[in-house]
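For the protein sequence lines, the chains are A and B, in the order given. Count along the first sequence starting at 1, add 3, and that's the number in our numbering. Count along the second sequence starting at 1, add 47, and that's the number in our numbering. Glycine included, each C-beta is placed from N, C-alpha and C at the ideal position.
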Amino acid sequence: AQSVTQPDIHITVSEGASLELRCNYSYGATPYLFWYVQSPGQGLQLLLKYFSGDTLVQGIKGFEAEFKRSQSSFNLRKPSVHWSDAAEYFCAVGAEENTDKLIFGTGTRLQVFP
Amino acid sequence: DVKVTQSSRYLVKRTGEKVFLECVQDMDHENMFWYRQDPGLGLRLIYFSYDVKMKEKGDIPEGYSVSREKKERFSLILESASTNQTSMYLCASSSLANHEQFFGPGTRLTVL
């Protein structure tokens, strides 16, 4: 069955440090890929998406992600983390049988220390 | 500005009660979705609708039903609430072939 794996449940970084959140997916063709962020008590907000074209995608709040077909990965990066980035991050892929449906990973909780 | 609203942020109900969760979007989107979110499990799709009066089961439809009588409104119904339905419920919408889903703020439901 199609799946999305976020291997890190919880990550802690210092403010100003770089960040990489991992995401691996299973999919036969070129997938639609997304990263969402959820602040405490809130809904999800789209950070960035990849449909086709340039494999390095820029998003909001200084985030970027790189699609690597050979590794089935779509890792999220930020060069310098701010305290306000503390949140939960979800990777998602469009379902093969219906790309309007999304399959979500289990999320990575980011904690930022001053 | 794109907006998805949910009728309640917090809800407390008793076992056996019928519960209605309402979701409204103002973007004229064809697709609407209901998810539940539990720690360590991410988001799981309960039901989705791709048109008025059209619905499709998601991964965990048991114990839930839905209604979509108007394009902008999608309701989730718990016919007889149980304690294992205590969760955060998220509504989302998207347009056909755009794939990006827009989310509401969520309803945290507690069933006692």
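- With the criterion set as a beta carbon lying under 7 Å from some beta carbon of chain B, the members of the stretch 87-115 of chain A are F93, G97, T102, D103, K104, L105, F107, G108, T109 and G110, in sequence order.
- The three-state reading of DSSP puts A:Q41 in strand, counting E and B together.
- If you compare the alpha carbons of B:L68, B:N78, B:V71 and B:G63 with that of B:S141, the shortest gap goes to B:N78.
- At least one beta carbon of chain A lies nearer than 8 Å to the beta carbon of B:Y97.
- Taken through DSSP and simplified to helix, strand or coil, A:I63 comes out as helix.
- The beta-carbon distance between B:Q132 and B:L156, rounded to whole angstroms, is 7 Å. This is short enough to meet the 8 Å contact definition.
- A:A98 and A:P117 have their C-alpha atoms roughly 39 Å apart.
- Taking C-beta separations shorter than 7 Å and ignoring five residues to either side along the sequence, the partners of B:D85 in its chain run S134, following chain order.
- Residues of chain B whose Cβ lies closer than 7 Å to the Cβ of A:K64 do not exist; the shortest such Cβ separation is about 16 Å.
- Our two residues, A:L51 and A:G62, have alpha carbons roughly 5 Å apart in a direct line.
- DSSP places B:T130 in the helix class (H, G or I) of the three-state scheme.
- Contacts with chain A at 8 Å (Cβ-Cβ) do not include B:H76.
- If you ignore the 5 residues before and after B:S96, its C-beta comes within less than 6 Å of the C-beta of M79, K102, R115 and F121, all in its own chain and listed in chain order.
- In the structure shown, A:D88 adopts helical secondary structure according to DSSP, grouped into three states.
- Among the CB atoms of chain A, none fall inside 8 Å of the CB of B:S54.
- One alpha carbon belongs to A:E67, the other to A:D88, and they sit about 14 Å apart.
- Here B:T130 is exposed: its Cβ has fewer than 16 other Cβ atoms, across all protein chains shown, within 10 Å.
- The alpha-carbon separation between B:R83 and B:L58 amounts to approximately 14 Å.
- Taking a contact as a CB-CB distance under 8 Å, the pair B:A139 and B:V71 does not count as one, their CB atoms being some 12 Å apart.
- In this structure, the beta-carbon distance from A:T109 to A:Q9 falls below 8 Å.
- Residue pairing by DSSP places B:Q72 opposite B:V51 in a beta bridge.
- Among the residues facing chain A, B:P152 is included, as its CB has a counterpart in that chain under 8 Å away.
- The alpha-carbon separation between B:S127 and B:D73 amounts to approximately 30 Å.
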